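Enquirer: If you scroll down you'll find the structure; I have some questions about it.
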Amino acid sequence: MAGLQAARERGRIGGRKKGLSPEAKKVAYACYQLWQDQSRTIPEVLQIVKVSRATFYRYIAWVQEQNGEEKKE
0 MAGLQAARER GRIGGRKKGL SPEAKKVAYA CYQLWQDQSR TIPEVLQIVK VSRATFYRYI
60 AWVQEQNGEE KKE
């Protein structure tokens, strides 16, 4: 714990940065737009944006959070 305290005193913070990278944000918004359009199935959207199902739903939740929306089921 002393090492962590010393690092904090020097202004260092450990761990991964929170949030999405700029590239991931673009993909997240693309996923959201394709999902909202409802003209394609989820598997088709996954093939288009080349992300896993889990990442797709994580991106949808992130965009909804950014827009202040309630989560759709």
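Start counting the sequence shown at 0; every next residue gets the next number (numbering that gives the first Met the number 0). Idealized CB from N, CA, C, for every residue including glycine. Keep in mind the model is a prediction, meaning the values are calculated, not measured.
Which residue's Cα is closest to the Cα of residue 62: 25, 37, 47 and 4?
Expert: Minimum Cα distance to residue 62 is reached at 25.
Enquirer: Can you give me the start and stop residues for the alpha helix (DSSP H) that residue 46 sits inside?
Expert: 41-48 is the extent of the alpha helix (DSSP H) around residue 46.
Enquirer: Determine the direct distance from the alpha carbon of residue 55 to that of residue 10, and round the result to whole angstroms.
Expert: Taking the straight line from one Cα to the other gives about 35 Å.
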